[in-house]
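Novice: Mind having a look at this structure? Questions to follow.
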Amino acid sequence: MDSLDLQVLTQARDWLASGHRVWLVTVIETWGSAPRVPGALLALRDDGRVCGSVSGGCVEDDLIERVRTGERVDRCTLVAYGVTKEEAARFGLPCGGNLRLLQEPLQTGAWIDEVLARTARHELVARRLDVASGSVTLEAAARGEAFSFDGRELRALFGPRWRLLIVGSGQFSRLLAQMALALDFEVICCDPRENEATVWDVPGTHFSRSMPDDLALELQLDPHSAVVALTHDPKLDDMVLLEALKSPAFYVGALGSRGNTAKRKERLALFDLTPDEIARLHGPIGLPLRGKTPAEIAIAILAEIIAVRHGVELVPKKPDSASTTAASDVAIAR
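In the numbering used here, the protein residues as written are 1004 to 1337.
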């Protein structure tokens, strides 16, 4: 899942607490080129307001119209769209795509509070919904599990927000942080250098003057975490890499030329890192977009992070740099 689902749940809980009737609408099955994948979530309020999406827009319009005209389901109900070519065209489902939804009246926000608390602790949570009774139970989930629906029970996964630890507070870092925020990452910048710490001015991020390796341990880097070392200072970059490469972080990269990257790997090999752990390092960092400006380089770095997160198989871009194929082994599937 992604943090948009958590936003949908938060909004649904708040609407319910303010006295509105609220329905959760979940994509449970698709055929053809339906716009959203199974598990996609939407919250629908009794006055027609929505948060989230289950299609490109036309299906949402129909759901809103049903509520506004008085159709208020009081139990879990299956809704199908795009069964015929005419209906698929009407609801904007390309190539004859079809989708099936489950519309669920929200009875309580208590389970949402627990989901939000557990994901804030970087836990992966599964919600089980009994369709007949509408009862909800929560349980721990494991990486690699997926959304499922068998007609009687829905099981949806909710995971922690993706986060990015940036070491160094220079121009690249600020641009990278701003772009990562737009992609809904939680962003933490770390720079213990006194003269650098005063220039960090990116709203919505966290800043730390801790030593990077100490902060990496404190954050308990997990498979939803990415780490980029951008200081050019081996005393800072190498220390955080020593911790990050041993962690489950799905992406670890460092700024530097091929020559500097080779020397960095030689230094890392002197410590308690295995060859496989060192091979996880992405360096020179970023996809080879041939960009020269700080903004272009920041885009290249984020593009590589996104590719690795989604397990995109790319042609090896740099000799001795970690491949996205290998890194996808620790990426989280939605």
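Each residue gets a CB set at the ideal place from its N, CA and C atoms; glycine is no exception.
Could you compute how far the alpha carbon of ASN1263 sits from the alpha carbon of VAL1315?
Specialist: The residue you call residue 1263 lines up with position 260 of the sequence shown. The residue you call residue 1315 lines up with position 312 of the sequence shown. Going from the Cα of ASN1263 to the Cα of VAL1315 covers about 26 angstroms.
Novice: Hey, would you say LEU1305 sits closer than 8 angstroms to ALA1219, going by beta carbons?
Specialist: Within the sequence shown, the letter at position 302 stands for residue 1305. Within the sequence shown, the letter at position 216 stands for residue 1219. In this structure, ALA1219 does not lie closer than 8 angstroms to LEU1305 by Cβ.
Novice: Label ASN1198 either buried or exposed according to how many other C-beta atoms from any shown protein chain fall within 10 Å of its C-beta, with 16 as the threshold for buried.
Specialist: Position 195 of the sequence shown holds residue 1198. Exposed.
Novice: Report the option in TRP1203, ALA1298, ALA1083, THR1234 whose CA atom is closest to the CA atom of THR1033.
Specialist: One-based indexing of the sequence shown puts residue 1033 at position 30. If we check each option's Cα against that of THR1033, ALA1083 comes out closest.
Novice: Does ASP1153 come out as helix, strand or coil in the three-state DSSP assignment?
Specialist: Taking the first residue of the sequence shown as 1, we reach residue 1153 at position 150. Reduced to three states, the DSSP call for ASP1153 is coil.
Novice: GLN1106 bridges to which residues according to DSSP?
Specialist: On the sequence shown, residue 1106 is found 103 positions in, with the first residue counted as 1. Answer is VAL1028, THR1080, bridged to GLN1106.
Novice: What are the residues that DSSP puts in a beta bridge with THR1140?
Specialist: By one-based count along the sequence shown, residue 1140 stands at place 137. ARG1131, per the DSSP bridge assignment.
Novice: Compare the beta carbon distance of VAL1057 and GLU1063 with 8 angstroms and say whether it is the shorter of the two.
Specialist: Your numbering for residue 1057 matches position 54 in the sequence shown. Your numbering for residue 1063 matches position 60 in the sequence shown. Cβ atoms of VAL1057 and GLU1063: closer than 8 angstroms.
Novice: Considering only their Cβ atoms, is the gap separating ALA1301 from LEU1178 smaller than 8 angstroms?
Specialist: Looking up residue 1178 in the sequence shown gives position 175. Looking up residue 1301 in the sequence shown gives position 298. Yes, Cβ-Cβ distance for LEU1178 and ALA1301 is below 8 angstroms.
Novice: Do you know offhand how far LEU1044's Cα is from VAL1076's?
Specialist: For the purposes of this step, residue 1044 is taken as the residue at position 41 of the sequence shown. For the purposes of this step, residue 1076 is taken as the residue at position 73 of the sequence shown. Each residue's alpha carbon lies about 17 angstroms from the other.
Novice: On the CB-based measure, 16 or more other CB atoms within 10 Å of its CB, does ALA1265 come out buried or exposed?
Specialist: Within the sequence shown, numbered from 1, the residue matching residue 1265 stands at position 262. ALA1265 comes out exposed.
Novice: Quick one: what's LEU1189 bridged to in DSSP?
Specialist: Numbered from 1 along the sequence shown, position 186 holds the residue referred to as residue 1189. This sequence places Glu at residue 1189; Leu is not what is there. Bridge partners of GLU1189: ARG1166.
Novice: Going by C-alpha distance, which of ASP1050, PRO1237, CYS1054, ARG1164 is nearest PRO1226?
Specialist: Locating residue 1226 in the sequence shown gives position 223, counting from the first residue. When C-alpha distances from PRO1226 are compared across ASP1050, PRO1237, CYS1054, ARG1164, the shortest belongs to ARG1164.
Novice: Can you grab the Cα-Cα spacing for the pair ASP1049 / ALA1144, in whole Å?
Specialist: To locate residue 1049, count along the sequence shown from 1; it is residue 46. To locate residue 1144, count along the sequence shown from 1; it is residue 141. Using only the alpha carbons, I get a separation of about 32 angstroms.
Novice: Buried or exposed: where does LEU1290 fall if 16 or more other Cβ atoms within 10 Å of its Cβ makes it buried?
Specialist: Here residue 1290 refers to the residue found at position 287 of the sequence shown. Buried, by the Cβ-count rule.
Novice: Just the C-alpha distance for GLU1126 and VAL1118, rounded to the nearest angstrom, thanks.
Specialist: As a position in the sequence shown, residue 1126 is number 123, starting the count at 1. As a position in the sequence shown, residue 1118 is number 115, starting the count at 1. About 9 angstroms.
Novice: In the DSSP assignment, what are the bridge partners of HIS1285?
Specialist: The sequence position of residue 1285 within the sequence shown is 282, counting from 1. Answer by DSSP bridge pairing, in chain order: GLY1256.
Novice: Select from PRO1251, THR1208, MET1242 the residue whose C-alpha is nearest the C-alpha of ALA1229.
Specialist: The count along the sequence shown starts at 1 and reaches residue 1229 at position 226. Of PRO1251, THR1208, MET1242, the residue nearest in Cα terms is PRO1251.
Novice: Using a 10 Å radius around the Cβ and a threshold of 16 neighbouring Cβ atoms, would you call ALA1149 buried or exposed?
Specialist: Residue numbering aside, residue 1149 sits at position 146 when the sequence shown is read from its first letter. That one is exposed.
Novice: Give the secondary structure of LYS1238 by DSSP, where H, G and I count as helix, E and B as strand, and everything else as coil.
Specialist: Position 235 of the sequence shown, counted from the start, is the residue given in the question as residue 1238. Residue state, collapsed to three classes: helix.
Novice: Grab me the residues of ASP1216's own chain with a C-beta within less than 7 angstroms of its C-beta, minus the 5 sequence neighbours each way, in chain order.
Specialist: Within the sequence shown, residue 1216 is the residue found at index 213, counting from 1. Same-chain partners within the cutoff: MET1242, VAL1243, LEU1245, GLU1246.
Novice: With a 10 Å radius around its C-beta and 16 neighbouring C-beta atoms as the bar for buried, classify VAL1255 as buried or exposed.
Specialist: Here residue 1255 is taken as the residue at index 252 of the sequence shown, counted from 1. Result: buried.
Novice: Once you ignore the five residues that flank GLY1080 on each side, which residues in its own chain have a CB closer than 7 angstroms to its CB?
Specialist: Indexing the sequence shown from 1 puts residue 1080 at position 77. The displayed chain sequence assigns Thr, not Gly, to residue 1080. Beyond the five residues adjoining it in sequence on each side, THR1080 comes within less than 7 angstroms, by CB distance, of GLN1106 in the same chain, given in chain order.
Novice: Tell me the residue span of the beta strand (DSSP E) that contains ALA1232.
Specialist: Taking the first residue of the sequence shown as position 1, residue 1232 is located at position 229. Per DSSP, ALA1232 belongs to the beta strand (DSSP E) from 1228-1232.
Novice: Which residues does DSSP pair with PHE1274 in a beta bridge?
Specialist: As a first step, residue 1274 must be located in the sequence shown, where it is residue number 271. According to DSSP, which records beta bridges pairwise, PHE1274 is partnered with nothing at all.
Novice: So ALA1120 is in the alpha helix (DSSP H); what residue range does that whole segment cover?
Specialist: Taking the sequence shown and counting its residues from 1, the one referred to as residue 1120 is at position 117. Run containing ALA1120: 1113-1123, per the alpha helix (DSSP H) assignment.
Novice: Using DSSP with H/G/I as helix, E/B as strand and the rest coil, what is THR1013?
Specialist: As a first step, residue 1013 must be located in the sequence shown, where it is residue number 10. Note: THR1013 maps to helix in three-state DSSP.
Novice: Starting from the C-beta of ARG1267, find all residues in its chain whose C-beta is less than 8 angstroms away, skip the five residues before and the five after it, and write them out in chain order.
Specialist: Residue numbering aside, residue 1267 sits at position 264 when the sequence shown is read from its first letter. Here the set comprises PRO1237, ASP1240, ASP1241, LEU1244, ALA1257, GLY1259, LEU1284, GLY1286.
Novice: Do SER1213 and CYS1193 come within 8 angstroms of each other at the CB atom, strictly closer than that value?
Specialist: Working through the sequence shown from its first residue, we reach residue 1193 at position 190. Working through the sequence shown from its first residue, we reach residue 1213 at position 210. In contact: CYS1193 and SER1213 (Cβ atoms closer than 8 angstroms).
Novice: Any idea if GLY1060 is buried or exposed, counting beta-carbon neighbours within 10 angstroms, 16 or more meaning buried?
Specialist: In the sequence shown, the residue the question calls residue 1060 occupies position 57. Label assigned to GLY1060: exposed.
Novice: For LEU1132, is the classification buried or exposed, using 16 other Cβ atoms within 10 angstroms of its Cβ as the cut-off for buried?
Specialist: Your numbering for residue 1132 matches position 129 in the sequence shown. LEU1132 is buried by the Cβ-count criterion.
Novice: According to DSSP, simplified to helix, strand and coil, what is TRP1203?
Specialist: To locate residue 1203, count along the sequence shown from 1; it is residue 200. In the structure shown, TRP1203 sits in coil (DSSP, three-state: anything other than H, G, I, E or B).
Novice: Taking the alpha carbon of GLY1154 as the reference point, which residue from ASP1116, LEU1104, PRO1108 has its own alpha carbon closest?
Specialist: Start at 1 with the first residue of the sequence shown, and residue 1154 comes out as number 151. It is LEU1104.
Novice: For GLY1207, which residues from the same chain have a beta carbon less than 6 angstroms from its beta carbon, with the 5 sequence-adjacent residues on both sides left out?
Specialist: Position 204 of the sequence shown, counting from 1, holds the residue named residue 1207. Cβ within range, chain order: LEU1184.
Novice: Could you tell me how far apart the beta carbons of GLY1042 and ALA1113 are, in whole angstroms, since I believe they sit closer than 8 angstroms?
Specialist: Taking the sequence shown and counting its residues from 1, the one referred to as residue 1042 is at position 39. Taking the sequence shown and counting its residues from 1, the one referred to as residue 1113 is at position 110. Not quite, the Cβ-Cβ distance comes to about 22 angstroms (not below 8 angstroms), so this is no contact.
Novice: Name the one or two DSSP bridge partners that SER1211 has.
Specialist: Position 208 of the sequence shown, counted from the start, is the residue given in the question as residue 1211. Partner residues in the beta bridge of SER1211, as assigned by DSSP, are CYS1193.
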